[in-house]
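Q: Sharing a structure below in structure tokens format, with a few things to ask.
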Amino acid sequence: MNKLALSLGLLLLSSQSAWAHYPYMDCVREGEGIRCDIGYSDGSFATGSDVVIYDYDEQELDRVTSDEHSSVYFDLPEGEFFIQFDAGHEDPAEFDYVELQ
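Mature numbering (1 follows the signal peptide of the UniProt record, and there is no 0) puts the sequence shown at residues -20 to -1, 1 to 81.
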């Protein structure tokens, strides 16, 4: 019985380290540009990660790498667009231009 309890306890503890931390992104309009802060659901930064602006036809408009504060800055594009931070998970973080208004 002790071996079973120990095995179950170790399994439970080891599975916590495998829990996924999902990407997040928050964007605000700053003058004629957009600033986005990116990171993960556990509060960690995503320094050095790419953030991409696409038009609605999924054509890449701009790509910026996050700085040491896990932030990016884009010039405001014309037309409809969305911003994506893809950390390699199933669901990338996305921000649509209508959320800026």
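Virtual Cβ for every residue (Gly too), placed ideally from N, Cα, C.
1. Between the alpha carbons of residue 12 and residue 33, how many angstroms are there, rounded?
2. Could you give the residue range of the beta strand (DSSP E) that holds residue 42?
3. Return the chain-ordered list of same chain residues with a C-beta closer than 7 Å to the C-beta of residue 30, the five sequence neighbours on each side being excluded.
4. Does the distance from the C-beta atom of residue 27 to that of residue 49 stay below 9 Å?
5. Select from 16, 53, 74 and 20 the residue whose C-alpha is nearest the C-alpha of residue 3.
6. So, are the CB atoms of residue 75 and residue 62 less than 9 Å apart?
7. Here's the rule: buried if 16 or more other CB atoms are within 10 angstroms of the residue's CB, otherwise exposed. What is residue 36?
A: With the structure as the only source:
1. 15 Å
2. DSSP places residue 42 inside the beta strand (DSSP E), whose first and last residues are 40 to 45.
3. The beta carbon of residue 30 sits closer than 7 Å to those of 43 and 45, all from its chain and outside the five residues before and after it, given in chain order.
4. In this structure, residue 49 lies closer than 9 Å to residue 27 by Cβ.
5. 20
6. yes
7. Classified as exposed, residue 36 has fewer than 16 neighbouring CB atoms from the shown chains inside 10 Å of its CB.
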